[in-house]
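A.B. asks: Numbering follows the working numbering, in which position 210 of the sequence shown is assigned residue number 372; successive positions increment by one, without gaps.
Using N, Cα and C, we set each Cβ at its ideal position, and we do this for glycine too.
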Amino acid sequence: MANDDTVSLRTGCRTLISACEHRYNSVVYPIPSSKRGDLRWVSRIVTSLIQRLFRTAQLHPLDQFENAWSSGDVPELSHFVAMLKQCGDESALSELCQIDMEHRWRSPPGAIQRYFARDYLIHPELTIPPDKAIELICWEYHVRSRWGDYPASHSILAEWLVYRPELDAALLETSAAISRPVVQLFRTSTPQLSLELDGVLEVGRQNPDDPPPFERIQTTAGYRLVVAASPDPSISRTQLSIRQNSASGVSITNTSRNRAIAIVGNRIIDAGEVARCEFPVRIHLGGSLFLCIEQPNEQR
Numbered sequence: 163m164a165n166d167d168t169v170s171l172r173t174g175c176r177t178l179i180s181a182c183e184h185r186y187n188s189v190v191y192p193i194p195s196s197k198r199g200d201l202r203w204v205s206r207i208v209t210s211l212i213q214r215l216f217r218t219a220q221l222h223p224l225d226q227f228e229n230a231w232s233s234g235d236v237p238e239l240s241h242f243v244a245m246l247k248q249c250g251d252e253s254a255l256s257e258l259c260q261i262d263m264e265h266r267w268r269s270p271p272g273a274i275q276r277y278f279a280r281d282y283l284i285h286p287e288l289t290i291p292p293d294k295a296i297e298l299i300c301w302e303y304h305v306r307s308r309w310g311d312y313p314a315s316h317s318i319l320a321e322w323l324v325y326r327p328e329l330d331a332a333l334l335e336t337s338a339a340i341s342r343p344v345v346q347l348f349r350t351s352t353p354q355l356s357l358e359l360d361g362v363l364e365v366g367r368q369n370p371d372d373p374p375p376f377e378r379i380q381t382t383a384g385y386r387l388v389v390a391a392s393p394d395p396s397i398s399r400t401q402l403s404i405r406q407n408s409a410s411g412v413s414i415t416n417t418s419r420n421r422a423i424a425i426v427g428n429r430i431i432d433a434g435e436v437a438r439c440e441f442p443v444r445i446h447l448g449g450s451l452f453l454c455i456e457q458p459n460e461q462r
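1) Indicate whether residue 456 and residue 375 have their beta-carbon atoms separated by less than 8 Å.
2) Could you tell me the boundaries of the beta strand (DSSP E) in which residue 290 lies?
3) Do you know whose CA, among 452, 426, 338, lies nearest residue 440's CA?
4) Can residue 300 and residue 333 be called in contact, C-beta distance under 8 Å?
5) Which same chain residues, not among the five before or five after residue 198, have their C-beta less than 6 Å away from its C-beta?
6) Which first and last residues belong to the beta strand (DSSP E) in which residue 336 is found?
7) Could you pull out every unbroken alpha helix (DSSP H) segment of at least 4 residues lying fully inside the segment 209-279, listed in chain order?
8) Could you check how far apart the C-beta atoms of residue 414 and residue 422 are, in whole angstroms? I think they sit under 8 Å.
9) Give every residue of the same chain whose Cβ lies closer than 7 Å to the Cβ of residue 397, excluding the five residues on either side of it in the sequence, and list them in chain order.
10) Within a Cβ cutoff of 8 Å, which residues of the same chain sit near residue 226, ignoring the five residues on either side of it in sequence?
11) Roughly how many angstroms lie between the CA atoms of residue 318 and residue 303, to the nearest whole one?
12) With residue 440 as the anchor, note down where its beta strand (DSSP E) starts and where it stops.
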């Protein structure tokens, strides 16, 4: 190291530039040297400059948006849309919507308004291309299946015919990563059927156009499970409606007009009543028929 008062580099100073994703101003500082050759002193100066640079660096709009949600505020989406457009990063608009959607659905029910993919796709300040729209629709299915109303996958597909068939493959991949409650039907302790609770499950006796027991039929909101033949009087044609209402339980509605159903170890639910039960749930449908609902595999 030279014996003068500074480290000489052409003009007698060194340029410190941060090579990050965002644009920062170059910071130019003279770096004094130690005549005794103490490099630790120079190291402290450089460290100080780096820390100062990162304290003053501006966060990306997405990071600012996350921080606003984390602070307990409900940030104005339009403000951050404008910021992304201003910095020329419109490709991040879909991610901005996903962050907003997740925070809204993770909030306690009724605390703030929950948005769906359609709310963003019709937003006057947002222009989202088809591939990003499909990504946003799949994200809606994901957040609703973790913190919301647990919709059926085919109900999402039915709403967005315009994006099919591309949406089908994307939603199938999303659906495969979601763990759902397992429903099993037993007769005299012998398993008759096993399925995942995807949306609303209706349980009842065979209608004139229904297949024989134990088949399931796709409905608008989920599926219908036929558990008894048409002549069997022990089950109503519309007996139960079951849907997941939390990560740890289901809501069971007795949709019959005159038949009660027993939830083993819990209670009897009369016609028209609703019971909220934690996993595992065991329902006596009558005779030797039992319906069991267990928590998702990832939580066992």
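C.D. replies: Quick look at the numbers:
1) The residue labelled residue 456 in the question sits at position 294 within the sequence shown. The residue labelled residue 375 in the question sits at position 213 within the sequence shown. In this structure, residue 375 does not lie closer than 8 Å to residue 456 by Cβ.
2) On the sequence shown, residue 290 is found 128 positions in, with the first residue counted as 1. Looking at the DSSP string, residue 290 is not in any beta strand (DSSP E), and its letter there is neither H nor E.
3) On the sequence shown, position 278 is the one that residue 440 refers to. Comparing Cα positions, the closest option is 426.
4) Locating residue 300 in the sequence shown gives position 138, counting from the first residue. Locating residue 333 in the sequence shown gives position 171, counting from the first residue. Yes, the pair counts as a contact, with Cβ atoms nearer than the cut-off.
5) The residue labelled residue 198 in the question sits at position 36 within the sequence shown. Low per-residue confidence applies at residue 198: pLDDT is 48, beneath 50, and the placement is therefore not dependable, though the value from the model is reported in the following sentence. Contacts found: none.
6) Locating residue 336 in the sequence shown gives position 174, where the first residue counts as 1. Looking at the DSSP string, residue 336 is not in any beta strand (DSSP E); the run it does join, the alpha helix (DSSP H), is 328-338.
7) 223-232, 239-248, 255-268
8) Against the sequence shown, residue 414 aligns to sequence position 252. Against the sequence shown, residue 422 aligns to sequence position 260. Going by Cβ atoms, the distance from residue 414 to residue 422 rounds to 12 Å, so no, they are not a contact pair.
9) Here residue 397 corresponds to residue number 235 of the sequence shown, with the count starting at 1. 366, 367, 389, 390, 447, 448, listed in sequence order.
10) Within the sequence shown, the letter at position 64 stands for residue 226. Counting only Cβ-Cβ distances below 8 Å, and skipping sequence neighbours, we find 242, 245.
11) Along the sequence shown, one-based indexing puts residue 318 at 156. Along the sequence shown, one-based indexing puts residue 303 at 141. Near 7 Å, if we compare the C-alpha coordinates of residue 303 and residue 318.
12) Looking up residue 440 in the sequence shown gives position 278. Residue 440 -> beta strand (DSSP E) spans 436-440.
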